[in-house]
Every structure is written in C-alpha cells, then in structure tokens.
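Numbering (the working numbering), first residue to last: 268 to 603.
If you want it as structure tokens, here you go:
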C-alpha cells in the first residue's frame, strides 16, 4: 500500500486536570481546510520528564491502551514527542469525574439513586471486561490489569456515559509481580496492597469498593493521612460494613454482588468481569427496564447544572443555599 507522513498541529487551550505525574490539556487538533477536532493532550510533568522510570510508565500506558476501543474506555489516538518530551493524544470527554459526581452528593448530604449507582458500576465493569479480554496480534491474551480503578479515574460525559481512564499503572498480569505497590490505597485489593502478583480479580475488588462508595457516600477504610494504618487495612481486607446504608443491607441480591467483589481471596470473587457486569445488569434490568445513559444524563442535567455550564471558571449553578463547586482551570497557549 502506501504511507502518509504529515505534521499535526495542536493548539493547547486550557489545563483540565493535573495530578502527581502529569497534566491533561484540552486542545484543538487542526487539519487542512479549516478542520478542527477537540481532543485532550496528556503530558508528563516537567520534573519527571527526565526520569526514565516515569517516562517508561507514560509510554507504556499509550502502547498498552492504543488498541482499546470501547465506549466505556477513554480512547488514545496518538503517542508523540515534542521538544524531547512524550505526549499522547486522547479522546476529549466533556463531563466530570466520578469523584466529583460522588462528592457533589456528599456535600449536599444526599444519596445517589441506587439504580444509577449500580448502572454506573455496570458500565465500568463492561469497560474492564473488554480490557481484560484483549489479545495481542498473535491472539495471545494480554491479561491487562488496570490496577487503579477508583472514582477519579472514571469520567461521566454530559450524555451520561461512564468512561474508564488513566491506565497509567496498568500492566499485563505477567508484569504485575515485582513487589511494588502502586495505586490508591482506599480502593486497593489485599493482594495489590501486599505487592503480590495480580490479575483481573484485583480490578473486580476495586470496583466493589467503588460501588460501596457510590451507594453509601462513605469510604470503607480510614482515609486519614495515616498511611501505615490505611496500608494495613488494605492488606487485611478491612471493610467497615457499619458505613453501608441499613436500608440496603437486607437487599440480598445487591449484598451478594458487593460481598463477592470484596471477597478476601481472589478465587472467591467473580470468574470474570463480564460475569460481574451481567450480575449488575440483571439487578437493574430484571423487571425488563432500567436506567440508561439518557437517564443518567437527565439526572445530571436536572440536579447538577454546573456540569453543563460553559463559562471559563465552570462555576456551579446549584439551588439557592447549596454549596458552590468550582472546578479549577489553568489556561495556557502552546502549539505543537
């Protein structure tokens, strides 16, 4: 066949997220004849750009996720280099993180509707099931483990579609056995906290904690700054069931799902993430109907107006007397 070589121009318009390792920018990808596509560009923070370990992790995320194409996973389009520094281009998601979604309800002291909480978890499970089942070009299973399933790594679009993101520490299962502990302790499986070899069942455990948090608005573990205590709780499978709403404790189908996700031994959990997804879907659709992305989008539009605000400060537009949530924004102008 033939090859096409072309330079691509990205106009960076604002920083939309910044973490311990990198930053994500909203950008316009420009082409000929006025073509413009809104994308996101992820970069390493400058102090880490010269450290091989972090550069390798950054590259590995792009290479591992390059062929993951699923509606519940944020897609990666391109890995590139600019002035010696790696960046990759990803799908731009107009929405908020699941962390912000949960935090909104915590601040207002209201619970997320149960059917929506389970629906969100079911979509995350579908994205994970897809990633867990991927194979290499020679059909060898990749055995991808996300390793960091948590509310800050799930986005919800304004159209009500949950999307799993940030595979920054995701690895093939054969790689996750070097004794190091990476991830967020409040959502970590016992085997991950202990630095043991992992497989997809570790992600199932983490999703179980996310579902617990979605329903209760409470962490299952102590989230103070006592790292040693939190690490020990994660290793010992500490679950504070006293924080789970009493009104749902007699809902056996729901409790069976959560308890199976949070089983201390991996072989006591679901045999696949697809099986978990089916259980969650049966729970919400067993009567022949249930929530969809339209339901979730409508709920957000009616109760979380700030999600749809387009002013530069993204100020909250809540009911009188309600707390205002302001999303931080940094603006810069760069052209790759």
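Ideal placement from N, C-alpha and C gives every residue a C-beta, glycine not left out.
This structure is a prediction, so every number in the text was calculated from the model and none was measured.
Query: Residue of 375, 294, 283 and 382 minimising C-alpha distance to residue 552; Result: 382
Query: Own chain residues within Cβ distance below 6 Å of residue 394, not counting five before or after; Result: 337, 339, 340 and 431
Query: Residue 403 burial status per 10 Å Cβ neighbour count (16 or more: buried); Result: exposed
Query: CA nearest to the CA of residue 276, picked from 327, 294 and 421; Result: 294
Query: Of the listed residues 359, 460 and 400, nearest to residue 304 (C-alpha basis); Result: 359
Query: Cutoff 8 Å: residue 456 Cβ touching any chain D Cβ; Result: In the structure shown, chain D does not exist; there is a single protein chain.
Query: Counted within 10 angstroms of its Cβ, other Cβ atoms place residue 332 as buried (16 or more) or exposed; Result: buried
Query: At least three beta-carbon pairs within less than 8 Å, the segment 503-514 to the segment 558-577; Result: no
Query: Spatial neighbours of residue 326 in its chain, beta-carbon cut-off 8 Å, leaving aside the 5 residues before and after; Result: 346 and 353
Query: Contact the segment 404-420 vs the segment 307-325: 3+ CB pairs below 8 Å; Result: no
Query: Through-space distance from residue 483 to residue 289, alpha-carbon basis; Result: 31 Å
Query: Straight-line gap, residue 351 to residue 361 (C-alpha atoms, nearest Å); Result: 30 Å
Query: Residues near residue 558 in its chain [Cβ-Cβ closer than 7 Å; skip 5 each side]; Result: 382, 383, 386 and 551
Query: Cβ pair residue 525, residue 479 closer than 8 Å; Result: yes
Query: Whole beta strand (DSSP E) elements within the segment 365-449, 3-residue minimum; Result: 421-424 and 429-431
Query: Own chain, CB closer than 7 Å to residue 373, minus 5 neighbours either side, in chain order; Result: 484
Query: Buried versus exposed call for residue 611 [16 or more other C-beta atoms within 10 Å across all chains shown]; Result: Residue coverage of the chain in this structure runs from 268 to 603, which leaves residue 611 outside it and unanswerable.
Query: Reduced DSSP category for residue 271 - H, G, I as helix; E, B as strand; rest coil; Result: coil
Query: Collapsed DSSP secondary structure at residue 501 in the structure displayed; Result: helix
Query: Residue burial classification, residue 309 (beta-carbon count within 10 angstroms, cutoff 16); Result: buried
Query: Distance, residue 335 Cα to residue 311 Cα; Result: 21 Å
Query: Distance CB(residue 349)-CB(residue 306) smaller than 8 Å; Result: no
Query: Inter-residue spacing [alpha-carbon to alpha-carbon] between residue 584 and residue 529; Result: Residue placement at residue 584 is poorly supported in this model, since its pLDDT is 34, which falls under 50; the coordinates still yield a value, given next. Using only the alpha carbons, I get a separation of about 37 Å.
Query: Buried or exposed (CB count within 10 angstroms, at least 16 for buried), residue 313; Result: exposed
Query: Nearest-angstrom Cα separation, counted from residue 299 out to residue 457; Result: 52 Å
Query: CB of residue 375 within 8 Å of CB of residue 418, strictly; Result: no
Query: Nearest-angstrom Cα separation, counted from residue 428 out to residue 574; Result: 13 Å
Query: Buried/exposed call for residue 330, threshold 16 Cβ in 10 Å; Result: exposed
Query: Residue 476 - DSSP class collapsed to helix/strand/coil; Result: helix
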